[in-house]
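Here the structure is laid out as structure tokens; the discussion comes afterwards.
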Amino acid sequence: MLIQSILIATLASQVLSTTEWFGDLRAHLNPPRAPAFYDVTYDDNDCPEGLQSNAIPDYVYFGEMIATMAVKEHTECLEQCVSNPKCHAVNFFEPMNKKEKGFCELLSETQLDNPRLMRPFKKAVYYEHIHCRSDEVENASVIKKTSKSTEGEKGAQIIPMNSRVPDGKPIWIQPN
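Quick note, the sequence shown lines up with residues 75 to 250 if you use the numbering used here.
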């Protein structure tokens, strides 16, 4: 009887440890952490200012899919998402070699809907917040030179810049 209960307890613990898709036994296979990045791509037809998105490399979201397709590059995947009103995010899987196409999954939800469905996946990138970029949204402005001030000193005017300026640091311009 004691042997049977030990055997049942051992089997139960093994079953419980393998219920997660990417279980602890394979944790060493996780890809190295790569920082998320801000992606901008350009398409003159639909979005002349470019497509804007947030990207998380080496992760995919295993949520509800709208559609799947083979694509040459990730920009095609982002364009498909922008043209589909139900699409909120995409998974892009890089091709295995240069001759093959990549694979795109259009998703109806984002990682914020169910964070537990984000999984490490090598040679893949998860994109969300995909939309056409516009200067109005980015609060873009220009730097304008001012002429000499009334006191006779050289002056400059600083105007906030958008994300196109490295580090988003203010820039002062002195007139000649």
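Backbone N, C-alpha and C fix where the C-beta goes; we use that ideal spot for every residue, glycine too.
Gly-176 and Asn-188 have their C-alpha atoms spaced approximately 25 Å apart. Excluding residues up to 5 positions away in sequence, Asn-158, Lys-160, Cys-161, Leu-180, Leu-181 and Ser-182 lie with their Cβ nearer than 8 Å to the Cβ of Ile-140 in the same chain.
DSSP places Cys-161 in the coil class of the three-state scheme, outside both helix and strand.
The Cβ-Cβ distance between Glu-123 and Ser-208 falls below 8 Å. An exposed status is given to Glu-138, since fewer than 16 other beta-carbon atoms sit within 10 Å of its beta-carbon. By the Cβ-count criterion, Glu-174 is exposed, with fewer than 16 other Cβ atoms from all chains shown falling within 10 Å of its own Cβ.
The alpha-carbon separation between Leu-191 and Val-164 amounts to approximately 13 Å. Only buried fits Thr-184, as 16 or more other CB atoms lie within 10 angstroms of its CB. Secondary structure note for Met-170: it is in no beta strand (DSSP E), with a DSSP letter that is neither H nor E. Using a Cβ distance threshold of 8 Å, Ala-198 and Glu-168 count as a contacting pair. If you look at Asn-128, you'll find it in the beta strand (DSSP E) that goes 121-135. Per DSSP, the continuous beta strand (DSSP E) segment holding Pro-194 begins and ends at 192-206.
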